[in-house]
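Just so you know, the protein sequences line up as chains A and B, in that order. To convert, count from 1 in the first sequence and add 1; that's the numbering used here. To convert, count from 1 in the second sequence and add 1; that's the numbering used here. A virtual CB, placed ideally from N, CA and C, is assigned to each residue, including glycine.
Protein chains: 2
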Amino acid sequence: MKDYIIHNEWKIIEDSFHPAYNKITESLMSLGNGRIGHRANFEEKFTGETLQGNYVAGVYYPDKTRVGWWKNGYPKYFAKVLNAANWIGIDIKIGNETLDLNTSEILEFRRELDMQHGHLSREFIVRLPSGKKIKVVTRRFVSIVDSEIGAISYTITALNFSDKLTLSPFLDFDIRNEDANYDEKFWDEVEVSVKPGEGYVVAEVRKTLFHVCAGMKINILRNGIKCDFSADVENRTKFIANIIPLTIREGESVTIEKIAISLSSENYPKEEMMKTAQNHLNSAYSKGFIQLEHEHSQAWLEKWKTSDIIIEGDIAAQQGIRFNIFQLHQTYTGEDERLNIGPKGFTGEKYGGSTYWDTEAFCLPFFLATAPIEVSRKLLKYRHKHLSKAIENASALGFNQGAALYPMVTMNGEECHNEWEITFEEVHRNGAIAYAIFDYVRYTNDLDYLAPNGFEVLLGISRFWAQRVNWSEEKQKYVMLGVTGPNEYENNINNNFHTNRIAQWTLQYTLGTIDFLKKNHPSLYQSLIKKWQFNEETETDLWHAIIKDIHLPYDAKREIFLQQDGFLDKNIKTVDEIPAKERPINQHWSWDRILRSPYIKQADTLQSLYLFEDQYDKKTIKRHFDFYEPLTVHESSLSPCVHTILSAAIGYKQKAYDLYLRTSRLDLDDYNNDTADGCHITSMGGTWMAFVKGFGGMRVQNGMISFSPFIPHNWNSYAFRIHFRNNVLKINVLKNTVCIENLSDNDITLLLYDQQQIIGGNMKSEVQLKHDHHEI
Amino acid sequence: MKDYIIHNEWKIIEDSFHPAYNKITESLMSLGNGRIGHRANFEEKFTGETLQGNYVAGVYYPDKTRVGWWKNGYPKYFAKVLNAANWIGIDIKIGNETLDLNTSEILEFRRELDMQHGHLSREFIVRLPSGKKIKVVTRRFVSIVDSEIGAISYTITALNFSDKLTLSPFLDFDIRNEDANYDEKFWDEVEVSVKPGEGYVVAEVRKTLFHVCAGMKINILRNGIKCDFSADVENRTKFIANIIPLTIREGESVTIEKIAISLSSENYPKEEMMKTAQNHLNSAYSKGFIQLEHEHSQAWLEKWKTSDIIIEGDIAAQQGIRFNIFQLHQTYTGEDERLNIGPKGFTGEKYGGSTYWDTEAFCLPFFLATAPIEVSRKLLKYRHKHLSKAIENASALGFNQGAALYPMVTMNGEECHNEWEITFEEVHRNGAIAYAIFDYVRYTNDLDYLAPNGFEVLLGISRFWAQRVNWSEEKQKYVMLGVTGPNEYENNINNNFHTNRIAQWTLQYTLGTIDFLKKNHPSLYQSLIKKWQFNEETETDLWHAIIKDIHLPYDAKREIFLQQDGFLDKNIKTVDEIPAKERPINQHWSWDRILRSPYIKQADTLQSLYLFEDQYDKKTIKRHFDFYEPLTVHESSLSPCVHTILSAAIGYKQKAYDLYLRTSRLDLDDYNNDTADGCHITSMGGTWMAFVKGFGGMRVQNGMISFSPFIPHNWNSYAFRIHFRNNVLKINVLKNTVCIENLSDNDITLLLYDQQQIIGGNMKSEVQLKHDHHEI
């Protein structure tokens, strides 16, 4: 855990330079707009610790699988997020000295990410080895209005000298991925062009042959006034630069503005990349830095209007939740259905791929409640589009007849992961994808999504479950052998409760969907039967049998479902018995010791209780929580959020608050000691969920939105907004009252503390906060 | 399965060139002497399919571990067997044409390995592209008399031309390992020297800094008469050669003799390598090829005197068993206690390392019965010497107080393997190492090996078991969670019967050993208590409790022990239900499908029934065999031998014969389609065991050797010899009689078909063969 980021309601601030934490800060202050993004690297040369990162969504390299020992069924490659052109670079030379914070004396330093307006700025004063003092003020953003454009303003003031000043803005595609299996470079040059004031590089990704074009145009200002300049040009493989010779006088400021563009051949014909980039960049350039930035920050203010969460009385929590919301918006906008939510977004390369089950299980609820319905629908369609790949994937593992197994990690629908216990066995992900369809339909009432997209995906997944179980003569039950549940600290176990439960649920929900189709879309249904060679009677007979007779491990004495067969054979000790110096156990214990231990990485049986909460009474949930939470080490970023929601539901308010703070400040405080590699983007959806479903008690019940809020004792108030179908609601929770404001014109009927309420258009309703509502 | 090797009693013969099988033939006809060895590569240049391999025992490279996903506890490196200097190479040029069988027309070809005399020869006639016809006759061996020396005689006859002939014998250290994790070269040059007629190269292994010196001296003979010659020398990095210009006339023969040496710095000071090699090679050279070969083949004839097995009436079986015995002798001689029995011996690089549990479980019985006691004792001492490393290994995984976990694969006592389900979980290997001590003592009666070596190893292993189990409140039993048994088609299972059983047995045997020490070596025992901080009372109390209460999964209905908890939840189908085209399943099924299937890779529960045969009655063994054998795919080379022994014991004679043939001709017929990589050396010990314990019914009972032979119906007779303590016995089994000959001077009391017999020194005893002895 680190504690160097200044607590602030709207900003992430580093108020003196922490070189040892630089990679963490670079992750935290990353910028992105759903299409391009980069880490908070310095513009000028820096020889200290840094992880350079510039990313273009959807562009990847299929890196040949690396394993110690091959297992049949492993994918051929792992799709790696590509470190693309470094377009922020501006080398600075004063006299013959190159500005480098690693070799300069830093007199003042401040780096801040302004989440409200979406820009990153730096201000510092340094003394160069020669004694020259300069002040630098920078500011940059990647536009959420024009998602191919980024811009930098970089101002140097000579504090105690006059000398030559050389500015060298460049574009560099000659870069490596840190996350490369065989240390190869992934980019080849296609074309470059450079002249004074501007330059372009088009590069091609090896194997996938994506083209990306990076371009830049330059302005120079002297004391704020634009001026002419001359420049030499540099042009070597995959790299172009302008070398701009200037002089600077004591007290004078020189500003360089760099307006840049990144285009991908996903969106333009390859042969027109350079020309398109030039045209497009010219029009952005003609607007100028100030106008571009203005449009961009206005758009951010708009975004916040609908998705902000305000907490009064707890700056750490306020900063945490806004950071999570900000990064989610930076990562995924729902504009392009080919894209998804990468685990590190635009903050790092690690984990490659773009899509995990995190999207469905932890991010969808955020987008459902804060973004237009199209955004969530695109997330669902992404999987529908990959259905044939999921069928191929299952087929490669020996399944047939249209059974679909969605990949653990993917970029284009193909499996990328290569650990057998995950790739082949962590199949509950299929359930998460089915559940997301239900969750979407429940929230939006967009039933027709089932006809046919939702149904087709559900059919493939149900067929998978029907083949993945087998009949145990011994148990006289259907069993599911050899799986890994959400708790990855158990591998290749039998009858993971969560997996069996979500399989059972999927089959049931698919049956319901079939009924819906028969009733509402009979001819479509007939065509689907044909298309999928669906033998309804035989197949659904088996599904009914599985639903009825699937084995769900249970301990009658404790009255709890067991995480898996044989769980109680373990030496059941609670987490508080682990010495502090051995936490997190995944950094201190051997893998076999972790596997044999009773410790749970992330919500597993409790994940089911969270998903199927309405099918269990509060006492049952409490019994399970009381058994499993003390065994849970929360060493996945996706764990505390689910526990927060459940703790809140059973009245464990302090626990809910503690777990919430952990999830919301996971990266800001570098809780798991791994933020240097990038932020945990998908868990940020979990944080939002923890807040709104935990503190706000938000649910959908019988087609109505429902709330049962409580407030942590150290907060004065909190407020959040959600979309629900045709309404926008603002929920404001104070120490003793709850106020729900209907910001739309039409009435809404909702549940507040289980009581039905009708709130008219543009009206609000205020009730007493029920402090004991969650007590059991 | 392939069928191109000519069946012959003493030879392995390829009577026409099979380029597509060349790598298989290279493996089969490998030569070795326990210290150096090589594959049957051609001396002359060959541009076709080949896997070049020359090996020096004990010399390895610690190749940085390669994994997809790191798990805590993985070793840092995998010790790779090194492909060392190619010293057999002789490039041949006729006129301007280079001799290369890949580009010549092959008119006649024969390659044969003479196992009786231990040499490899080739004879071929080819037409070069120019039309010139030559005949070549080669012969080579690596000496088992002087284990650093190898020699080649290579004769060329010009059949239809006269021309220039250039011979270029060379030594080449500039070679790669095919089995390299990161494609590095492993050798650096230290020193070279070359002059006409001889040359030397000393190279150093990266990281481990072993030095190896290869040297050669040359003779040229014309029509069999030694003659003078001149030579140019070539000398480039890690490579030296002589270039010998000659002329050859039609009908004339030119012979080159190359006497070579390979020395390792394991045995000589590095600074004296070249000098030692020169002196040593000079003395071998002065003997000459013929004398060197004579000594060598005499030594082989001696070896066969004590270890041959003769089968009459079945040439395939005869060739198979001699091939196995020959390769075992080539691999391990017991002369150097730092060495062990690599899985591929000197026939390939694959699997790296030198020592698996194969040594104890499958090879020790061969050496116990056919070699002096010192050889087996060296194999045991090898593990004793590695005890502190085994303790470190266990400690790295979280065990303490002197618990020892021997590595899955090792070169120097350190673990090399890196699959968590094997490395951390296939812990039954520890049991095999404990059992080998028992097996050795039982066979040799060398009880004092227990004081202290055997005891120290047993204590470390027993301590490991005591920590590896845990008490299950649920079962009220000790359980062992998260293991992989010998059947590697199950991973991370709970309560593998074999592992639990051998753990229980180890604890019991260690208790017995303590009693022995207390009684016979009381003061030594006191010092051992101190040395190992052995709290006898507390520790053995726990051992007693575990012995009494360890969980052994059992099915009361079938009256069989179950391979693991939950085994009967599987869809139990027998192997004959697998379509032939899907066999072997490990080449056709995804890993998860294999894991979920009931199919067994190699003897697992049956491994225990084999080891602890005297504790189960025949009916019990039969019940288990009848259940498990139909589920066993025998996709490990170590499987059929155990099944052979058990089938024989319960009267399944045909089954025993079929499985035996499979194990004994595994490589000759390339049964598993992988002999190209090298032969399955350690399974050859299993073949010997299958023969002697299966057909011969050899056991040790109550300190006596015991036999209960049967003869497969298509054999006329078979005979084998064994050492047992102070006796050498020859067992000759005919269609209807068994004759046991006591070849030593002292009497022996033994059991034949459970009847006690005394056979006087140099006497024999003949009885009727009991055809129905094994019927149940």
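Taking 8 Å as the cut-off, the Cβ atoms of A/A720 and A/I311 count as close. Uninterrupted beta strand (DSSP E) stretches at least 3 residues long and entirely within the stretch 108-158 of chain B occur at 120-128 and 134-143, given in chain order. Within chain B, not a single residue places a beta-carbon under 8 Å from that of A/K77; the smallest gap is close to 13 Å. At a Cβ-Cβ threshold of 8 Å, A/D184 and A/E205 do not count as neighbours. The C-beta of A/D577 comes no closer than 8 Å to any C-beta of chain B. At a cut-off of 8 Å between beta-carbon atoms, B/V68 makes contact with chain A. Comparing alpha carbon positions, the residue from A/P366, A/K81 and A/G119 closest to A/L32 is A/G119. Just so you know, the alpha carbons of A/F125 and A/K136 end up roughly 6 Å apart.
Chain order gives the chain A residues near B/F425 as S591, W592, D593, R594 and L596, where near means a beta carbon separation below 9 Å. Per DSSP, the beta bridge partners of A/M217 are A/G200 and A/A261. Of all residues in the stretch 553-579 of chain B, only D566, G567, L569, D570, K571, N572 and I573 place a beta-carbon less than 8 Å from a beta-carbon of chain A.
For B/Y661, the enclosing alpha helix (DSSP H) begins and ends at K654 to S665. Residue contact check for A/W466 against chain B: no CB pair falls below 8 Å. In the three-state scheme derived from DSSP, where H, G and I count as helix and E and B as strand, A/T356 is classed as strand. Between A/Y600 and A/L632, the beta carbon gap of about 6 Å places them in contact (Cβ cut-off 8 Å). Under the three-state reduction of DSSP output, B/R177 falls in the coil class, being neither helix nor strand. Taking all protein chains shown into account, A/A404 has 16 or more neighbouring C-beta atoms within 10 Å of its C-beta and is therefore buried. For the stretch 669-690 of chain A, the beta-carbon criterion of a distance under 8 Å to any beta-carbon of chain B is satisfied by none of its residues. Considering only beta carbons, the part of the stretch 380-405 of chain B lying closer than 8 Å to chain A consists of A397, L398 and G399, in chain order. Between B/L329 and B/M685, the gap from beta carbon to beta carbon is short of 8 Å. In this structure B/D670 is not in contact with B/D229, their Cβ atoms being roughly 48 Å apart against a cut-off of 8 Å. With respect to chain A, the C-beta atom of B/E475 has a partner C-beta closer than 8 Å. DSSP places A/V729 in the uninterrupted beta strand (DSSP E) bounded by N728 to L735.
Within chain B, no C-beta atom comes less than 8 Å from the C-beta of A/E416; the nearest is roughly 11 Å away. In this structure, the alpha-carbon of B/Y436 lies about 53 Å from that of A/R177. Proximity of chain A to B/V480 at the Cβ level (cut-off 7 Å) is accounted for by D570, in chain order.
Annotation note: the stretch 562-648 of chain A contains the following uninterrupted alpha helix (DSSP H) runs of length 4 or greater, listed N- to C-terminal: 586-589, 592-597, 606-612 and 619-629. With a 10 Å radius around the Cβ and a threshold of 16 neighbouring Cβ atoms, B/S148 comes out buried. Counting only runs of 3+ residues, the beta strand (DSSP E) found wholly inside the stretch 50-76 of chain A occupies 55-57 and 61-65, in chain order. For B/G354, no CB of chain A lies under 8 Å from its own CB, so it is not counted at the interface with that chain. According to DSSP, B/A720 shares a beta bridge with B/I311 and B/N733. Shown here for B/T738: same chain residues with a beta carbon closer than 8 Å to its own, the five before and five after excluded, namely E767, V768, Q769 and L770 in chain order. Neighbours of B/N492 in chain A, taken as residues at a C-beta separation under 7 Å, are given in chain order as N493.
Residues of the same chain with a CB within less than 6 Å of the CB of A/T334, apart from the 5 flanking positions on each side, are G35 in chain order. In this structure, the straight-line span from the alpha carbon of B/F327 to that of A/L569 is close to 52 Å. In the DSSP secondary-structure assignment, B/Y78 is bridged to B/K65.
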